[in-house]
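One structure is given below, encoded as structure tokens.
2 protein chains.
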Amino acid sequence: MPMTIQSFHPPVRTLMGPGPSDINPRVLAAMSRPIIGHLDPAFVGMMDQMKDLLQYAFQTCNALTLPVSAPGSAGMETCFVNLVEPGDTVVVCINGVFGMRMKENVERCGGTPVVVECDWGRPVDPQQLEDTLKAHPEARLVAFVHAETSTGACSDVKTLTQVAHAHDCLVIVDTVTGLGGCELRVDDWGVDAIYSGTQKCLSCTPGLAPVSFSEAAVARIKARKHPVQSWFMDLNLVMGYWGPNAKRAYHHTAPINALYALHEALVLLQEEGLENAWARHRHHHEALKAGLEAMGLNLLVDEAHRLPQLNAVKVPDGVDEARVRGLLLERYGLEIGAGLGPLAGKIWRIGLMGFGCNRKNVQLCLHALEAVLLEMNAPIEGGHALPAASRIYAG
Amino acid sequence: MPMTIQSFHPPVRTLMGPGPSDINPRVLAAMSRPIIGHLDPAFVGMMDQMKDLLQYAFQTCNALTLPVSAPGSAGMETCFVNLVEPGDTVVVCINGVFGMRMKENVERCGGTPVVVECDWGRPVDPQQLEDTLKAHPEARLVAFVHAETSTGACSDVKTLTQVAHAHDCLVIVDTVTGLGGCELRVDDWGVDAIYSGTQKCLSCTPGLAPVSFSEAAVARIKARKHPVQSWFMDLNLVMGYWGPNAKRAYHHTAPINALYALHEALVLLQEEGLENAWARHRHHHEALKAGLEAMGLNLLVDEAHRLPQLNAVKVPDGVDEARVRGLLLERYGLEIGAGLGPLAGKIWRIGLMGFGCNRKNVQLCLHALEAVLLEMNAPIEGGHALPAASRIYAG
Numbered sequence: 001m002p003m004t005i006q007s008f009h010p011p012v013r014t015l016m017g018p019g020p021s022d023i024n025p026r027v028l029a030a031m032s033r034p035i036i037g038h039l040d041p042a043f044v045g046m047m048d049q050m051k052d053l054l055q056y057a058f059q060t061c062n063a064l065t066l067p068v069s070a071p072g073s074a075g076m077e078t079c080f081v082n083l084v085e086p087g088d089t090v091v092v093c094i095n096g097v098f099g100m101r102m103k104e105n106v107e108r109c110g111g112t113p114v115v116v117e118c119d120w121g122r123p124v125d126p127q128q129l130e131d132t133l134k135a136h137p138e139a140r141l142v143a144f145v146h147a148e149t150s151t152g153a154c155s156d157v158k159t160l161t162q163v164a165h166a167h168d169c170l171v172i173v174d175t176v177t178g179l180g181g182c183e184l185r186v187d188d189w190g191v192d193a194i195y196s197g198t199q200k201c202l203s204c205t206p207g208l209a210p211v212s213f214s215e216a217a218v219a220r221i222k223a224r225k226h227p228v229q230s231w232f233m234d235l236n237l238v239m240g241y242w243g244p245n246a247k248r249a250y251h252h253t254a255p256i257n258a259l260y261a262l263h264e265a266l267v268l269l270q271e272e273g274l275e276n277a278w279a280r281h282r283h284h285h286e287a288l289k290a291g292l293e294a295m296g297l298n299l300l301v302d303e304a305h306r307l308p309q310l311n312a313v314k315v316p317d318g319v320d321e322a323r324v325r326g327l328l329l330e331r332y333g334l335e336i337g338a339g340l341g342p343l344a345g346k347i348w349r350i351g352l353m354g355f356g357c358n359r360k361n362v363q364l365c366l367h368a369l370e371a372v373l374l375e376m377n378a379p380i381e382g383g384h385a386l387p388a389a390s391r392i393y394a395g
Numbered sequence: 001m002p003m004t005i006q007s008f009h010p011p012v013r014t015l016m017g018p019g020p021s022d023i024n025p026r027v028l029a030a031m032s033r034p035i036i037g038h039l040d041p042a043f044v045g046m047m048d049q050m051k052d053l054l055q056y057a058f059q060t061c062n063a064l065t066l067p068v069s070a071p072g073s074a075g076m077e078t079c080f081v082n083l084v085e086p087g088d089t090v091v092v093c094i095n096g097v098f099g100m101r102m103k104e105n106v107e108r109c110g111g112t113p114v115v116v117e118c119d120w121g122r123p124v125d126p127q128q129l130e131d132t133l134k135a136h137p138e139a140r141l142v143a144f145v146h147a148e149t150s151t152g153a154c155s156d157v158k159t160l161t162q163v164a165h166a167h168d169c170l171v172i173v174d175t176v177t178g179l180g181g182c183e184l185r186v187d188d189w190g191v192d193a194i195y196s197g198t199q200k201c202l203s204c205t206p207g208l209a210p211v212s213f214s215e216a217a218v219a220r221i222k223a224r225k226h227p228v229q230s231w232f233m234d235l236n237l238v239m240g241y242w243g244p245n246a247k248r249a250y251h252h253t254a255p256i257n258a259l260y261a262l263h264e265a266l267v268l269l270q271e272e273g274l275e276n277a278w279a280r281h282r283h284h285h286e287a288l289k290a291g292l293e294a295m296g297l298n299l300l301v302d303e304a305h306r307l308p309q310l311n312a313v314k315v316p317d318g319v320d321e322a323r324v325r326g327l328l329l330e331r332y333g334l335e336i337g338a339g340l341g342p343l344a345g346k347i348w349r350i351g352l353m354g355f356g357c358n359r360k361n362v363q364l365c366l367h368a369l370e371a372v373l374l375e376m377n378a379p380i381e382g383g384h385a386l387p388a389a390s391r392i393y394a395g
């Protein structure tokens, strides 16, 4: 097999899609530090710090708080395979792609999903959940998405969790896009199991899934009647390496360099302060929104339920949205995201996540999008976007 | 929660354990290149090259050859959840830790494992496999480990596969420690499903699991009666992103920087040439072995079945093996591995893997081990190890 494949040098991009987001150079530098063993005393010390840092990001004291060694969707699966037993009824609230994926997870665990079907682009409705739980007293779990990456809608985790607990259900919450980008208080809100990803508002490399489990969730896992169907994701085994008072027993080889990166990303979050990070996302979102609206573009999600870090923008009638994304990438090295599922072709998704959530990116995006749309004779107002954003920044 | 956790700066080590192994600076540099999107055209082009490079490493034309986005143990689980259906009888050959893990995987998939029990430190016996298959004509799959990381024994993949095929079974082969370090010919040997890891002889960061599936394996996956129990590892879904003629449909966010690293590690393997890499491992193993034997130390595995990349060394009587490892780490920054399971306390595992398989490391290890053992008054011969290794290098 004669081959001469050369080293890969990626083009320089600005990532303003639904994730991955641009990575801080400090995090890239951390990732490329020389490797040490996953049982090395120095690495074990780093793991202890990692737990503290993740507890801070999640605002929890949960002892079982760790990064799963795989992407966010494996974080999702880790929650479901550990908490769902065959025959369990699980209420799944669907208001986007990731709710649908939760339902698939329940089915593959042998559970029976009962769906609370919500409009895409709207938050999950607590009243609908309440009605569904009344009709299904056998339900043991409720699953929903905090920050729907496919639509940019933010659901009320605190209220939904209260409703679930009132019906003796534990909750599983998806905050892949939420963590570090908007308010999240795992302990105050009573969340039982939650998972995230590293490539969104933490601006780290993709491939890790921070998770956290309450004592009630751990008790349910320990009381399981059936073994967890996944060996890799079985928290009873993972706890031997990562868990509280663990002996750091070998389970699998941790993705060491990615963990260096996550540690540094979380140190950056600690340096900024969690509430400051939330406020920064909100601030730049306001500027982006002002610019988009000044152009005559509209956001999909109503103001009260918008995620600052994920802006779903309606594509104007008659505009070839894929061509717009292609031109942005080609001319500006700027990546924005497409719609998924029923929203494919109807929205763009503009991310303002973590390190990429800054004034320079807001301005680049507004200028580039306006220029491309004007060139394509789209029905927008030229010349107003950047001044509108500047007014927000001027305060 | 007031915290002031600082950036993590790992100590400088030389990794000569069972993996992870030291990473080539070219691979570390590749990993820290700026991130691009997982659907970016440039990234998709890199994925195509990755497949070619992995096919070369595995010596296969299998279209379904890709890196699973998680560590080697998830590569193992990917093979089992896709190929085992509830009720299937699976013959599992156990001659070390990873065969035991295979058995657990079969059970968690609802299969019935039938075990071929072999001595730890010995290869799997084809005659035992033959006898077991005769007694279990209902078996559909045979699973075994090519290169047992827990013992350093190499099994005869070609012969074991022939035996399995003669009984209408497909095979699943673990080559986590084998790939890139010793002879492996997936197509010539007729292997149906195989998985590896990146942190052994590829000397890449841990967290990815190269896998490859034959047409017969793909046909069996497509003919499944039950859905694959894992959403994350379901190859029917993963194929939409990585597979032949795939539309690169979003399944999960690929671990982009780790994939940059794997691409570079495989480019390095291509530059050296696969057979040259195998010969290099053999050559430095011969030097290490000569030095260890000149010291009076013995290897666990008999000569005909030794892996060059994983040297299991018997701990001399009366020596506190953990203290030896501790002193090597403390004084020389040198990591070697401990024994696992029934071999805990009885062997050390010295890795000569990929980038770390070189003359400098052989000399460091022999000198450091000798010095520490002499200091501890272990019953060894001083002064002979380095000259013995030098004689091998002198040819």
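Residue numbers (full-length UniProt numbering), protein chains in the order written: chain Y, 1 to 395; chain G, 1 to 395.
Every residue, glycine too, gets a C-beta built ideally from N, C-alpha and C.
Query	Result
Nearest neighbour of A29(Y), chosen from Y260(Y), R280(Y), M16(Y) and A219(Y) [CA to CA]	Y260(Y)
C-beta atoms of G180(Y) and L208(Y) nearer than 8 angstroms	no
Segment contact flag, the region 348-363 of chain G with the region 271-290 of chain G, C-beta cutoff 8 angstroms, min 3 pairs	yes
Span of the alpha helix (DSSP H), counted from its first residue to its last, around F213(G)	F213(G) -> not in any alpha helix (DSSP H); beta strand (DSSP E) instead, spanning A209 to F213.
Below-8 angstroms beta-carbon distance, I23(Y) vs any chain G residue	yes
Straight-line gap, G190(Y) to Q162(Y) (C-alpha atoms, nearest Å)	8 angstroms
Per-residue contacts from H9(Y) into chain G (C-beta, under 8 angstroms)	R33
Proximity below 8 angstroms, CB of M31(Y) to CB of T205(Y)	yes
Inside the region 170-245 of chain G only - alpha helix (DSSP H) runs reaching at least 4 residues	186-189, 215-222 and 235-242
Inter-residue CB distance, G121(Y) and L300(Y) (contact presumed, cutoff 8 angstroms)	5 angstroms
Which of helix, strand or coil DSSP assigns to F80(Y)	helix
Contact list for the region 255-289 of chain G against chain Y, Cβ threshold 7 angstroms	P255, I256, N257, A258, Y260, H263, E264, V267 and Q270
Segment contact flag, the region 337-350 of chain Y with the region 375-385 of chain Y, C-beta cutoff 8 angstroms, min 3 pairs	no
Alpha-carbon to alpha-carbon, F43(Y) and V315(G)	26 angstroms
Whether Y332(G) touches A368(G) by CB criterion (8 angstroms)	yes
Cβ neighbour criterion (16 or more within 10 Å) applied to K51(Y)	buried
Bridge-paired residues (DSSP) for W348(Y)	V313(Y) and A338(Y)
Contacting residues, own chain, Cβ-Cβ under 7 angstroms from I5(G) (five flanking each side not counted)	none
Check: V191(Y) C-beta below 7 angstroms from any heavy atom of the ligand MG	Absence of the ligand MG is noted for the structure shown, with no ligands found whatsoever.
Separation of P113(G) from N105(G), as counted between CA atoms	9 angstroms
Beta-carbon spacing of T177(Y), G356(Y) below 8 angstroms	no
Interfacial residues, the region 49-64 of chain G to chain Y, with Cβ spacing under 7 angstroms	Q49, D52, L53 and Y56
Span separating the alpha-carbon of K247(Y) from that of P10(Y)	40 angstroms
Sub-8 angstroms separation of L352(G) and H251(G) beta-carbons	no
Proximal residues to Y56(Y) (C-beta, below 8 angstroms), its chain only, five neighbours per side dropped	L266, L269, Q270 and L274
9 angstroms Cβ cut-off: residues of chain Y touching V12(G)	P34 and I36
M16(Y): contacting residues in chain G (beta-carbon distance under 9 angstroms)	Under the 9 angstroms cutoff, chain G gives no residues; its nearest Cβ is about 10 angstroms from M16(Y).
For T78(Y) and V90(Y), believed in contact at Cβ under 8 angstroms, the rounded distance	V90(Y) to T78(Y), Cβ: 15 angstroms. No contact.
Start-end ranges of the beta strand (DSSP E) lying completely within the region 14-84 of chain Y, minimum 3 residues	64-68
Inter-residue CB distance, G75(G) and V211(G) (contact presumed, cutoff 8 angstroms)	5 angstroms
Short CB-CB distance (under 8 angstroms) between D188(Y) and chain G	no
For A312(Y) and N257(Y), the rounded distance between their alpha carbons	33 angstroms
V12(Y) burial status per 10 Å Cβ neighbour count (16 or more: buried)	exposed
Residue(s) in a DSSP beta bridge with A394(G)	According to DSSP, which records beta bridges pairwise, A394(G) is partnered with nothing at all.
Per-residue DSSP class, three states only, for F98(G)	helix
Selection from K200(G), P86(G) and E148(G) that minimises the alpha carbon distance to P71(G)	K200(G)
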